[in-house]
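Heads up: the sequence shown at position 169 corresponds to 177 in my numbering, and the numbers run straight through without jumps.
Ideal Cβ placement from N, Cα and C applies to all residues, glycine included.
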Amino acid sequence: MKTVIGFNGSPRVTGNTSRLVQAILAGAQAAGAKTRLVHLARLDMGGCTACMACRQQAACSQPDDMGRVVQDVLHADAIVLGSPVYMWQVSGQTKMFMDRLYPLLNPDFSTRLVRRPRLALAFTQGHPDGSFFWPYFEQTSKVLALLGFQAVEIVSATGTRAPDDVEKQVATLVRAREVGTGLV
Ligand SMILES: Cc1cc2nc3c(=O)[nH]c(=O)nc-3n(C[C@H](O)[C@H](O)[C@H](O)COP(=O)(O)O)c2cc1C
Numbered sequence: 009m010k011t012v013i014g015f016n017g018s019p020r021v022t023g024n025t026s027r028l029v030q031a032i033l034a035g036a037q038a039a040g041a042k043t044r045l046v047h048l049a050r051l052d053m054g055g056c057t058a059c060m061a062c063r064q065q066a067a068c069s070q071p072d073d074m075g076r077v078v079q080d081v082l083h084a085d086a087i088v089l090g091s092p093v094y095m096w097q098v099s100g101q102t103k104m105f106m107d108r109l110y111p112l113l114n115p116d117f118s119t120r121l122v123r124r125p126r127l128a129l130a131f132t133q134g135h136p137d138g139s140f141f142w143p144y145f146e147q148t149s150k151v152l153a154l155l156g157f158q159a160v161e162i163v164s165a166t167g168t169r170a171p172d173d174v175e176k177q178v179a180t181l182v183r184a185r186e187v188g189t190g191l192v
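Spelled out as structure tokens, the structure:
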């Protein structure tokens, strides 16, 4: 059975980003995968300290939750990463998470991700225009592809302000489920 892990980078654990990530996971689950949702805001996770221990091995020297998460990512078949747009970028939790994935890279920037997990990115934004942040979403996708993920799809929900606004966006949720199915 394939394993798909979803990471919600919004501090609102029942907000739009979490719901969008869960819609993707639901699609993966319907296709037969075992899925799990992790809220980044609930992890014991600090910023990268640039100790460079991960240049020698695919592990982090910090004794927090990211050591286990890095190992989980190394063994996953697919990853879903969701973030709200904060100040035109990913949330602080999401940026910290991405920095802490540095152990996935060898010193020559080749990947240590032997399984090359598939990746779906989920973004939510208050701005109503779906094209507004798209170049940034694609840039983020390219960075994660460099880490060794197979960047598959980007799903975005726009104009989401109240925590459940995305529930009214049926086409977006349908697409999210389809993307989840495609991960498996
Ligand atoms: C600190 C902060 C900064 C934000 N910056 C932006 C922004 O630059 N552009 C935008 O379109 N929406 C911005 N928003 C709105 C969120 O992206 C939007 O409401 C999102 O759906 C929230 O996700 P959530 O429901 O999962 O918490 C911001 C919200 C917060 C709290």
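Own chain partners of residue i with C-beta closer than 6 angstroms, once the 5 adjacent residues on each side are dropped
| i | result |
| --- | --- |
| THR166 | GLN133, PRO136 and GLY138 |
| SER69 | CYS59 and ALA61 |
Beta-carbon gap between residue i and residue j smaller than 7 angstroms
| i | j | result |
| --- | --- | --- |
| LEU191 | ALA36 | yes |
| GLY90 | THR189 | no |
| ALA49 | PRO19 | yes |
| PRO125 | PHE157 | yes |
| VAL12 | ALA130 | no |
| GLY23 | PRO115 | no |
| GLY14 | VAL29 | yes |
| LEU155 | LEU112 | yes |
| VAL174 | ARG27 | yes |
Status (buried if at least 16 other CB within 10 Å, exposed otherwise) for residue i
| i | result |
| --- | --- |
| PHE141 | buried |
| ASN16 | buried |
| ARG108 | buried |
| CYS59 | exposed |
| MET74 | buried |
DSSP three-state assignment for residue i, whether helix, strand or coil
| i | result |
| --- | --- |
| ARG20 | coil |
| SER26 | helix |
| GLY54 | coil |
Close Cβ partners of residue i (< 8 angstroms) along its chain, the five nearest in sequence each way excluded
| i | result |
| --- | --- |
| GLN97 | LYS103 and TYR144 |
| VAL187 | ILE32, GLY35, ALA128, VAL160, GLU161 and VAL163 |
Close Cβ partners of residue i (< 7 angstroms) along its chain, the five nearest in sequence each way excluded
| i | result |
| --- | --- |
| THR57 | GLN70 |
query: Which runs of the beta strand (DSSP E), 3 residues or longer, sit entirely within the stretch 100-178?
result: With a minimum length of 3 residues, the continuous beta strand (DSSP E) runs that stay inside the stretch 100-178 are 126-132 and 158-165.
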